[in-house]
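Chemist: Quick one: the structure is below, questions incoming.
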Ligand code: NAD
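In the numbering used here, the protein residues as written are 95 to 329.
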């Protein structure tokens with residue numbers, strides 16, 4: 095059986111494509127696992143709360159959920175985030191493409207992180223365009239407001255909003271030149287992000303996930319926790 099170390103050893107331009115499951119070992123719940131946000135009870139389903147229309151219709155309710163479930167954690171990078179940063183430093187990994195918005199790849203030291211769904215670390219006033227960090231959102235209560243009086247909106251891509259063209263183009267470039275694609279901690283259910291992996295032209299695909307994924311049968315599937323599995327790899 096091919097092991098992940100062999101795949102990593104023979105690659106020189108690894109691209110990692112990950113999702114919420116990469117951060118569950120840091121204590122941030124994903125969406126679709128048993129302990130995920132979709133199995134918790136709210137007044138509205140999470141995909142409705144995290145939508146563009148809901149943000150403008152029920153801004154207070156949006157921020158209640160957002161504060162409680164998406165920024166209410168003091169999370170630190172886990173073994174997966176750290177190993178990916180190490181692989182990049184070793185010159186073996188060319189990009190991390192993530193659907194996560196938690197900034198943990200950068201916190202672990204990764205430099206080329208393509209955040210398909212934006213980041214909780216960046217926030218913009220809807221009236222004057224002033225930029226804020228996460229600390230300002232945490233410092234305020236309820237709906238965060240700018241010094242000009244405008245509402246501050248997190249730079250995260252809500253359902254019903256478009257992905258950033260520049261980030262997509264860079265992700266496609268990285269995928270096209272990769273020689274190993276590692277897909278991990280994602281249900282591949284959120285589009286268009288999940289569709290990007292079709293731009294990969296290489297031969298080897300490694301999947302590290304708790305649940306099997308709908309990928310071609312020649313992909314190598316390593317079932318288990320991404321932090322535990324990647325953590326054992328030598329860069
Ligand atoms: P998802 O919740 O749909 O799926 C998570 C997948 O990861 C599942 O298949 C699950 O079995 C697997 N998984 C969970 N923990 C794992 C672990 N330790 N090791 C290996 N596999 C594990 O997540 P998704 O596909 O990323 O889609 C959800 C969307 O929600 C994304 O667009 C993302 O932006 C957003 N989200 C982000 C965060 C975050 O930033 N940390 C958290 C929740 C949701």
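Heads up, the beta-carbon is just placed ideally off N, CA and C, and yes, glycines get one too.
#1: Taking 8 Å as the cut-off, is the beta-carbon of residue 249 closer than that to any non-hydrogen atom of ligand 1?
#2: Can you round the beta-carbon distance between residue 307 and residue 291 to whole angstroms, since I take them to be within the 8 Å contact cut?
#3: Can you name, in chain order, every residue of its own chain whose Cβ lies under 7 Å from the Cβ of residue 244, other than the five neighbours on each side?
#4: Excluding five sequence neighbours on each side, which residues of the same chain lie with their C-beta closer than 8 Å to the C-beta of residue 155?
#5: Ligand 1 and residue 123: does the residue's C-beta get closer than 8 Å to at least one heavy atom of that ligand?
#6: On the criterion of 16 or more Cβ atoms from any shown chain inside 10 Å, does residue 171 qualify as buried, or is it exposed?
#7: Which complete beta strand (DSSP E) runs does the region 153-232 hold, if anything under 3 residues is left out?
#8: How long is the line joining the alpha carbons of residue 190 and residue 110, rounded to whole angstroms?
#9: Under the assumption that residue 309 contacts residue 317 (Cβ atoms under 8 Å), give the Cβ distance between them as a whole number of angstroms.
#10: Under the DSSP definition of a beta bridge, which residues are partnered with residue 301?
#11: Out of 289, 279, 295 and 288, point me to the one whose CA is closest to residue 272's CA.
#12: If we ignore side chains and look at the alpha-carbon of each, how far apart do residue 205 and residue 277 end up?
#13: How far does the alpha helix (DSSP H) with residue 258 in it reach, from first residue to last?
#14: Quick one: give me the first and last residue of the alpha helix (DSSP H) that residue 100 is part of.
#15: How about residue 204: is its Cβ closer than 8 Å to a heavy atom in ligand 1?
#16: With 16 as the cutoff for other CB atoms within 10 Å, does residue 188 come out buried or exposed?
#17: Distance, Cα to Cα, residue 163 vs residue 256?
Modeler: Concretely, from the data shown:
#1: No, the Cβ of residue 249 stays beyond 8 Å of every heavy atom of ligand 1.
#2: 10 Å between Cβ atoms; not a contact.
#3: Excluding sequence neighbours, residue 244 sits near 219, 220, 221 and 222.
#4: Within the same chain, residue 155 has close Cβ partners 137, 138, 143 and 148.
#5: It does: the Cβ of residue 123 is within 8 Å (strictly closer) of some heavy atom of ligand 1.
#6: Burial is judged here by how many other beta carbons sit within 10 angstroms of a residue's own beta carbon; residue 171 has at least 16 and is buried.
#7: Listed in chain order, they are 187-192, 207-209 and 212-219.
#8: For residue 190 and residue 110, the gap between their C-alpha atoms comes out near 5 Å.
#9: For a cut-off of 8 Å, the C-beta gap from residue 309 to residue 317 is around 13 Å, too long to register as a contact.
#10: Residue 301 pairs with 277 and 315.
#11: The residue among 289, 279, 295 and 288 with its C-alpha nearest the C-alpha of residue 272 is 295.
#12: Linking residue 205 to residue 277 through their CA atoms gives a straight-line distance of about 19 Å.
#13: Run containing residue 258: none; DSSP gives neither H nor E here.
#14: The continuous alpha helix (DSSP H) containing residue 100 extends over residues 98-103.
#15: Flag unset: Cβ of residue 204 not near ligand 1.
#16: It is buried - the Cβ of residue 188 has at least 16 other Cβ atoms within 10 Å.
#17: Residue 256 has its alpha-carbon roughly 23 Å from the corresponding atom of residue 163.
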